[in-house]
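First residue of the sequence shown? That's 209 in our numbering, and the numbers climb one at a time after it.
Scroll down for the structure; my scribbles are underneath it.
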Amino acid sequence: MSSATHSILHFSTAMLLFMGAVTSGVMLLLTTKVAIEETYVSQVQLDRNQQTIGQTLGRLAEGTLYTGAEVMMTLHANAAETFDIEVDGTLFAAGRSANEIDTAGMDTTAFYRLKEIRRSDGSLGRMMFTRI
Numbered sequence: 209m210s211s212a213t214h215s216i217l218h219f220s221t222a223m224l225l226f227m228g229a230v231t232s233g234v235m236l237l238l239t240t241k242v243a244i245e246e247t248y249v250s251q252v253q254l255d256r257n258q259q260t261i262g263q264t265l266g267r268l269a270e271g272t273l274y275t276g277a278e279v280m281m282t283l284h285a286n287a288a289e290t291f292d293i294e295v296d297g298t299l300f301a302a303g304r305s306a307n308e309i310d311t312a313g314m315d316t317t318a319f320y321r322l323k324e325i326r327r328s329d330g331s332l333g334r335m336m337f338t339r340i
């Protein structure tokens, strides 16, 4: 074989090895990304302290009883939302910072009933938690 043939074979072999390495790297990257996302989701589901009422019960239901701890967690988790939250007469305005929320007077062992007030376009305007 001539030197041109040897060069073409060496170049082809090098390209095949390079393409195999790139493909393996991309597959490793994708599987690692999926594994990290699945780990995060499973850890959030296991840590009950990070879950709000909507996550633990699927969806907020009017008339259902919620503990003060669940209401307090919902207040902090929905701090920047566009709806007001009223807890036993205390209004927490929409767009508030989580650091501005003062829940010192809330009884975490008390039970609260939820009432939703919707805007004319159907979006949530206010959540009212009334102590029972």
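Even for Gly, the Cβ is constructed at its ideal location relative to N, Cα and C.
Residue from the options with nearest C-alpha to residue i
| i | options | result |
| --- | --- | --- |
| T298 | N286, S328, A288 and I309 | I309 |
| G330 | A306, I216 and F291 | F291 |
| M280 | G303, Y248, T316 and A288 | T316 |
| E324 | D296, M314 and M336 | M336 |
| N307 | S210, T239, E246 and A288 | A288 |
| M314 | T239, V295, G233 and V230 | V295 |
Pair within 7 angstroms by beta-carbon distance, residue i and residue j
| i | j | result |
| --- | --- | --- |
| R326 | T338 | no |
| L273 | F319 | yes |
Range of the contiguous beta strand (DSSP E) that encloses residue i
| i | result |
| --- | --- |
| T275 | L273 to T275 |
| E324 | F319 to R326 |
Pairwise C-alpha distance: residue j and residue i
| i | j | result |
| --- | --- | --- |
| S250 | V242 | 12 angstroms |
| I244 | S305 | 29 angstroms |
| M223 | L217 | 10 angstroms |
| H214 | L225 | 17 angstroms |
| A302 | A312 | 19 angstroms |
| I340 | T240 | 48 angstroms |
| T231 | G333 | 50 angstroms |
| A285 | I293 | 12 angstroms |
| F300 | Y248 | 30 angstroms |
| V234 | G276 | 48 angstroms |
| M227 | F219 | 12 angstroms |
Residues that residue i bridges to, as DSSP identifies them
| i | result |
| --- | --- |
| V295 | T298 and F337 |
| L332 | R326 |
Contact test: residue i Cβ vs the ligand GTP heavy atom, cutoff 6 angstroms
| i | result |
| --- | --- |
| L217 | Only the bare structure without any ligand can be found here, which leaves the ligand GTP out of the picture. |
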